[in-house]
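In this note's numbering, the protein residues as written are 145 to 962. Quick reminder that beta carbons are idealized off the backbone N, C-alpha and C, glycines included. Written below as structure tokens is the structure these notes are about.
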């Protein structure tokens, strides 16, 4: 807030914007009025320092002049000045031109005029802005007074704006009301933390050889070369030469509807001095039909200055005027009318060495007219392409890629996930455990399910000690992701190096005892439980509960999972002789600590303060989601509980698609239209369209297993008897990817989703019964209800008894030892 008026505030805002851009490297929104200036810095992680808003008086003019041309004020004043100078032509004299048309014409004129430092209208616009609109002397004097402390600066942070600030904010909303008009989900704060410059660095340069499609390139070249319209008269020949540049007689003949007429047209055009036949330099005889070419008379001076081509006498003087960057103009035109090309190819066409062509291309690249990269599939080395042409090729290539995959039905996604997570080919040993952890990083899995069902399904002969060994070796970190009540809670595993980039911020903890434990761990470092009790000077049961409060809040971890297993096994009094799981069958503990207090406890680093920047974390998280899901859908991201939802990772996915690292398409029918797949994952999904003959007929999975898409990416089927849920201890039965059964927590209830067809119904019932009989549902497997009815009265009873269940007073029981 400032009382010095808009003439001071306007250059002040311009100079400060330049400093903020240097400091934060993000887009800054700014608005000024007579009462002050409003800045919006959406991606700043911290509040900018107050010094950034008070530039040094000596650098004010330089910053304002350098930034002025990028402001809307400069564009508006240039449009007015160009209109007064009659440089903006009107199609209908005497009638007003629409404002949008004036803006477009002025923008086009400014893009050309900016190439000439002494263009009078540009100079007049600078003079008008700096002298008539801005009060630079007044601003310079103000900054001197602030430096000398003659003007006091006061920082105020308030929950509600003052009347002056409220008026400024109202004007800001009015000015930017339609800026970035997009769906609400795309404008969430979480999605505004993407620094696209850093994102490009993280993703690397686009490997466009794998992305661009040869057919798309051919289509775009067909359009920009105007091959769809054959030459039918002499004027068309002259227009083509103006558009494409020099052409040989053979090239022109290939474009004619009647090649026999071409010689007569060229003779007439040459006689009228509209077309010139020239001899190109040495080395062009075998390029594009020979070294003798035809050019439009308007280009005679350009070819003379660039290539030394001698034109016949009799041409108008206007066509022979000196051209500042003649070679650059020829190279730019070639780029506009061709697909990706190499500098050597262009040098051979013009009969020049590669060095001058490279220099001209570098000048054009500095003005964002052309880009260098690897574009042509099967090509070698660096190529060049016009920016707009490359944009069109990418759009067509992406459109073709999106149309290649016909969406599969939802059960195919379930079959794909089983294959993607390797459940049909479990690994062996510690390397397999690391591979599984690398894929499952960050997903919260109930501790009671993690080592009993999820890991054994992926690692054959898995032993609990495997995770302990990897944790002790510093390979893996485990983190609590919320309590599930009682002694259970969700755990997330991370590779140690990936934890800072993938872990979410911890939850706040207000408990005084927990705060004391955190202070003790911060002071002492990794500590055993008894040492913590002495450091906190509290009662052991209270310290233990505070410790686990910190665990589920994501603030404390242990160098082993023994305390997690002990807590799941139930509390109880401290006693010697217990057998902690994971330490070997013959080991008995000698310590008296309560179950859940074993091992050394340590504070976890806070990702927001100890990890990389927001963009790096968002990029790493997006990559991890893709590695876990293979085919990423809006519904799949929503099931992860990610802050900001799908819109938080969409900008990264879009940038990865443009870089050729993921593919976007409609892969799974019935889900959101915006879906992304890793290269190769889309093919595997397509191969999962039909069940494999080698696949198991039915599979029982934990309902919370990431390989189970139901209740996450796919909705649960409707059932009048109840609604399934992804709860700890619950399980699902999949038959070739289709959900046919849901076992409630504890195995006492069963919901079925069998086909209506009689033959399919019987087959599915048999597969369901065999899958249930082959699994250890509980310590004493008993199914009491089936689809809301008593199990003994269910039509499924016969199939279950055939699979080995026995009817009892409690329900259908699987005998022990079977």
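Exposed or buried, residue i, counting other C-beta atoms within 10 Å across all chains shown (16 or more means buried)?
{"i": "residue 886", "result": "buried"}
{"i": "residue 585", "result": "buried"}
{"i": "residue 524", "result": "exposed"}
{"i": "residue 494", "result": "buried"}
{"i": "residue 685", "result": "exposed"}
{"i": "residue 389", "result": "buried"}
{"i": "residue 946", "result": "exposed"}
{"i": "residue 844", "result": "buried"}
{"i": "residue 281", "result": "exposed"}
{"i": "residue 953", "result": "exposed"}
{"i": "residue 105", "result": "Beyond the ends of the chain as shown, which are 145 and 962, falls residue 105; an answer cannot be given."}
Would you report the Cα separation of residue i and residue j, rounded to the nearest angstrom?
{"i": "residue 396", "j": "residue 271", "result": "50 Å"}
{"i": "residue 862", "j": "residue 797", "result": "33 Å"}
{"i": "residue 399", "j": "residue 217", "result": "48 Å"}
{"i": "residue 204", "j": "residue 184", "result": "21 Å"}
{"i": "residue 806", "j": "residue 820", "result": "6 Å"}
{"i": "residue 375", "j": "residue 381", "result": "6 Å"}
{"i": "residue 228", "j": "residue 222", "result": "10 Å"}
{"i": "residue 720", "j": "residue 778", "result": "Reliability of the predicted coordinates at residue 720 is poor, the pLDDT of 49 falling under 50, and the value obtained from them is presented with this limitation in mind. C-alpha separation (whole angstroms): 51 Å."}
{"i": "residue 826", "j": "residue 857", "result": "16 Å"}
{"i": "residue 296", "j": "residue 254", "result": "41 Å"}
{"i": "residue 149", "j": "residue 176", "result": "9 Å"}
{"i": "residue 440", "j": "residue 804", "result": "40 Å"}
{"i": "residue 196", "j": "residue 161", "result": "9 Å"}
{"i": "residue 574", "j": "residue 636", "result": "18 Å"}
{"i": "residue 246", "j": "residue 384", "result": "29 Å"}
{"i": "residue 964", "j": "residue 578", "result": "The structure shown does not extend to residue 964, since the chain is modelled only from 145 to 962, so the question has no answer here."}
{"i": "residue 853", "j": "residue 561", "result": "8 Å"}
{"i": "residue 386", "j": "residue 232", "result": "24 Å"}
{"i": "residue 289", "j": "residue 250", "result": "40 Å"}
{"i": "residue 610", "j": "residue 681", "result": "35 Å"}
{"i": "residue 541", "j": "residue 566", "result": "32 Å"}
{"i": "residue 926", "j": "residue 558", "result": "28 Å"}
{"i": "residue 634", "j": "residue 873", "result": "12 Å"}
{"i": "residue 528", "j": "residue 498", "result": "13 Å"}
{"i": "residue 842", "j": "residue 564", "result": "17 Å"}
{"i": "residue 963", "j": "residue 531", "result": "This structure cannot settle anything about residue 963, because the visible part of the chain is limited to 145 through 962."}
{"i": "residue 986", "j": "residue 173", "result": "This structure cannot speak to residue 986, because the chain is shown only from 145 to 962."}
{"i": "residue 742", "j": "residue 914", "result": "40 Å"}
{"i": "residue 889", "j": "residue 847", "result": "10 Å"}
{"i": "residue 958", "j": "residue 878", "result": "20 Å"}
May I ask which residues mark the beginning and end of the alpha helix (DSSP H) holding residue i?
{"i": "residue 225", "result": "216-228"}
{"i": "residue 783", "result": "778-783"}
{"i": "residue 269", "result": "264-271"}
{"i": "residue 385", "result": "378-388"}
{"i": "residue 447", "result": "444-451"}
{"i": "residue 359", "result": "358-368"}
{"i": "residue 762", "result": "758-773"}
{"i": "residue 391", "result": "Looking at the DSSP string, residue 391 is not in any alpha helix (DSSP H), and its letter there is neither H nor E."}
Considering just the uninterrupted stretch of the beta strand (DSSP E) at residue i, what are its terminal residues?
{"i": "residue 820", "result": "819-821"}
{"i": "residue 627", "result": "620-627"}
{"i": "residue 175", "result": "173-177"}
{"i": "residue 419", "result": "419-423"}
{"i": "residue 894", "result": "893-896"}
{"i": "residue 1034", "result": "Residue 1034 falls outside the range modelled here, since the chain spans only 145 to 962, and no answer is possible."}
{"i": "residue 183", "result": "180-184"}
{"i": "residue 436", "result": "436-440"}
{"i": "residue 809", "result": "807-809"}
{"i": "residue 744", "result": "744-747"}
{"i": "residue 89", "result": "Missing from the structure shown is residue 89; the chain here goes from 145 to 962 and no further."}
> Looking at C-beta atoms only, is the number of pairs between the region 929-937 and the region 862-875 that lie closer than 8 Å three or more?
Replying inline: yes
> What are the complete beta strand (DSSP E) segments, minimum 3 residues, inside the region 511-599?
Replying inline: 514-517, 527-530
> Taking only runs of the beta strand (DSSP E) that begin and end inside the region 836-891, which ones reach a length of at least 3 residues, in chain order?
Replying inline: 843-846, 875-879, 882-887
> Looking at C-beta atoms only, is the number of pairs between the region 898-912 and the region 867-876 that lie closer than 8 Å three or more?
Replying inline: Fewer than three Cβ pairs drawn from the region 898-912 and the region 867-876 lie within less than 8 Å of each other, which leaves the two stretches out of contact.
>> If contact is defined by three or more beta carbon pairs under 8 Å, each pair taking one atom from either stretch, is the region 360-367 in contact with the region 466-476?
In response: no
> Just checking, does the region 406-422 make contact with the region 447-456 on the three C-beta pairs under 8 Å criterion?
Replying inline: yes
>> Would you call the region 455-466 in contact with the region 496-506, where contact means no fewer than 3 C-beta pairs closer than 8 Å?
In response: no
> Is there contact between the region 701-712 and the region 582-599, where contact requires at least three CB pairs shorter than 8 Å?
Replying inline: yes
>> With three or more beta-carbon pairs closer than 8 Å as the criterion, would you say the region 689-702 touches the region 617-624?
In response: yes
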